Every structure is written in C-alpha cells, then in structure tokens.
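According to the working numbering, numbering within the sequence shown proceeds without interruption in unit steps and concludes at 315. Heads up, the beta-carbon is just placed ideally off N, CA and C, and yes, glycines get one too. Since the structure is predicted, the reported quantities are computational estimates derived from the model, not experimental observations.
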Amino acid sequence: MILVVGSINMDICLSVNDIPRPGETVLSNGIAKNPGGKGANQAVAAAKLGGDVTMLGCVGDDEHGSMLLKSLSDAGVDTQYILKKDHCASSSAFICVADSGENSIVVDSSANMFVSPEYLLQYEHLFSAADYCVLQMEIPVETVKTAIELSKKHGANIVLNPSPVNGFDKSLLHGVSYLIPNETETSDLLGKDFCNISDCDLFAFMDSYSIENMIVTLGKDGCRYYHMDHGCICTKSAPKETVDTTGAGDTFLGAVVAALSKELEIKDALVFANTASGIAVTRRGAQQAMPTKQEVADELQKHSS
Ligand code: RIB
C-alpha cells in the first residue's frame, strides 16, 4: 500500500500571457477552479496509475472540501481517514499559468495546518501496512518529522518531495529512500547553481544524508536517477506541446511510486513516469490532467512501434 501524507488544495487558476513580475499588474484570460495540492495530486496520480493508495490530510467543512474529497475518491484513493475539520476553510492555491505552460503558485494553508503529529499517531497502523510513505512540505514540518519516524519504525520506504523548498529542514533527509526534487529544489538543497552541480556533488550529498535513491526531475528534459551502487540513469522525455505544467512533478512522483509498488525495475518506472508527466502537461489543471494507466500504456506503445 502507498500512504500519502500531505496537502489538499483547491487550485484557483488564472491563465495569463506571462507570469507577473514584482509590482506588475496583468489581466487574466480566464479563471478555473481545479482540485490540487501536492499531496492530493501525488495520491491521485499514483491511484490512477495502478497504485493502492490511502491518504492522510485535512479538508474544511466547506464546498471545496467536498469537491476535493470527491476528486480523490473518484481516482480510487482511500479517503476514509482524511480529517474534515469543522469551522475551517479548505486550503487554496492561487496559480498563474502562463502561455508557455509555466506557473507560479501561492498556497493559503488553512486546513493543511491541521494535519498534526497527533492526528497521524491515531493512524499508526497505516504506517505498518504501507510499503511507501509519500511526503511533501505543504503541511507542518513537525508532522513530516512524525511521518518519517513512523515510516522508519514500521519499515515503510520514505519518498520525500522537498517542495516548497523554502526554509527546508535538511535533518529530514536522513535515511530517506527516495528524494525527488526538481532542478530549483536540487540547487537550493546543495546551495549551488544547478548548472554547476556535478554527479559527484550529488553522490556526496546523498552520502552525507544516507539517501538511498535520488531522482532529479528536469521538466521537458526528463529526469536523472542516482543510486550509490547503480550510478546515474538519465531518462529523456518525448517532446510534447506544453499547455500547463501544474502538477506535472506530482504526476511523475505518483507514477514512479505506483510503478515501484508493482515491482517494476527502476529504469522502467522512470520511463513510465516520464511518459505520464509528458501527457499531463498537454492538458490543463493538476489532477484532471493526469493520465490513466491505459493512456500511458498506449503512449508507450506508440513510441515502441
Ligand atoms: O504541485 C502543484 C500543486 O502545488 C498545485 O496543485 C497547488 O495546489 C500546489 O500545492
């Protein structure tokens, strides 16, 4: 079982020609409300792509909360343990999506802040049933720490997406099974411009925190996988027309974990995940853009023939 502990947000998405610069006002070309949140997105991706997924998180007792839970359960995620907090607003993310498909995101935390260590401790049995525990940084850091401790205690593989990376506590990295950052997050973690980071730097970083596996996502350029014994594997993405990159990294992460939970070899899991996120960027929104397992299989078939 894959246990996702994390955020659940309603994404308020504004289509703009370009992301506004500091101090700039721009006019939007359209507005949409879509289910999102890094935790929920990763749970939905993993479930749509064949994983057996349970989520721990919190929504408010409002209309958004019901819509967010429905999106999770429609994808096949077990939502029975998700906290529905009275007198609380569900979390929102305000997203500008530019014509290039790039985005900028601000999250209003609200309900996500009620994902507390005490709440997790009520569900310790889920950690003992989990093969993978998937974490990101949109819930309180103390909760992420507790989830890591419970995962270690019960032998679940920890998959950590260090996002948002701002103010990230590097002590969380010790003993992580899979660290999955993008280029910006990798650069922040290593304190170096991404273009100056060598494979040696990455291996030294992994060694210093006993990180077993690291996958650096590179957007349209695919990803690089690092393992102390297996070295580095680069996986390219097939070029696609990008409409919206929101949730593409979450699709990738959910796909990798779903594939690994079904015992796929890592190199096949990476191809599967790149293909899934490559499809997601051709559609608008986060969860609604994520492909099914069949769509990924069809796409892989197209490229093999
Ligand atoms: O990773 C994309 C997600 O980040 C969005 O869905 C938004 O909710 C923010 O959490």
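Residue i (DSSP reduced to helix, strand or coil)
| i | result |
| --- | --- |
| residue 127 | helix |
| residue 94 | strand |
| residue 177 | coil |
| residue 42 | strand |
| residue 24 | strand |
| residue 266 | helix |
| residue 241 | strand |
| residue 88 | strand |
| residue 316 | Nothing can be reported for residue 316: it is not among the residues displayed for the chain, which extend from 11 to 315. |
| residue 100 | coil |
| residue 225 | strand |
| residue 70 | strand |
| residue 149 | coil |
| residue 118 | strand |
| residue 65 | strand |
| residue 253 | coil |
| residue 12 | strand |
| residue 136 | helix |
| residue 113 | strand |
Pairwise C-alpha distance: residue j and residue i
| i | j | result |
| --- | --- | --- |
| residue 307 | residue 13 | 24 Å |
| residue 69 | residue 301 | 25 Å |
| residue 213 | residue 88 | 36 Å |
| residue 118 | residue 156 | 23 Å |
| residue 31 | residue 37 | 13 Å |
| residue 112 | residue 189 | 23 Å |
| residue 93 | residue 130 | 10 Å |
| residue 115 | residue 146 | 15 Å |
| residue 163 | residue 34 | 49 Å |
| residue 219 | residue 143 | 18 Å |
| residue 298 | residue 45 | 8 Å |
| residue 234 | residue 208 | 12 Å |
| residue 226 | residue 168 | 16 Å |
| residue 238 | residue 215 | 11 Å |
| residue 174 | residue 313 | 34 Å |
| residue 255 | residue 104 | 14 Å |
| residue 160 | residue 125 | 15 Å |
| residue 100 | residue 210 | 43 Å |
| residue 206 | residue 267 | 29 Å |
| residue 250 | residue 201 | 31 Å |
| residue 26 | residue 132 | 43 Å |
| residue 15 | residue 236 | 24 Å |
| residue 123 | residue 292 | 32 Å |
| residue 80 | residue 286 | 22 Å |
| residue 253 | residue 231 | 16 Å |
| residue 295 | residue 195 | 22 Å |
| residue 97 | residue 71 | 6 Å |
| residue 65 | residue 21 | 19 Å |
| residue 77 | residue 91 | 16 Å |
| residue 165 | residue 137 | 8 Å |
Whole-number beta carbon distance between residue j and residue i, since they are thought to touch under 8 Å
| i | j | result |
| --- | --- | --- |
| residue 192 | residue 259 | 6 Å |
| residue 53 | residue 63 | 5 Å |
| residue 18 | residue 61 | Contact doesn't hold; Cβ gap of about 17 Å is too wide. |
| residue 29 | residue 108 | 5 Å |
| residue 59 | residue 303 | 5 Å |
| residue 187 | residue 134 | In fact, because the Cβ distance is near 19 Å, the residues do not count as touching under 8 Å. |
| residue 288 | residue 56 | Residue 288 to residue 56, Cβ: 17 Å. No contact. |
| residue 272 | residue 171 | Actually they are not in contact, since the Cβ atoms of residue 272 and residue 171 sit about 20 Å apart, beyond 8 Å. |
Residue i CB to nearest heavy atom of the ligand NAD below 7 Å
| i | result |
| --- | --- |
| residue 296 | What this structure holds is the ligand RIB, not the ligand NAD. |
Self-check item: Segment contact, 8 Å Cβ cut-off, at least three pairs: the region 22-42 with the region 261-278
Solution: no
Practice problem: Indicate whether the contact test is met: 3 or more Cβ pairs, each with one atom in the region 173-186 and one in the region 141-154, closer than 8 Å. | Solution: When C-beta atoms of the region 173-186 are compared with those of the region 141-154, three or more pairs fall below 8 Å, so the two segments count as touching.
Quiz item: Taking three-plus beta-carbon pairs below 8 Å as touching, is the region 242-262 in contact with the region 280-291?
Solution: yes
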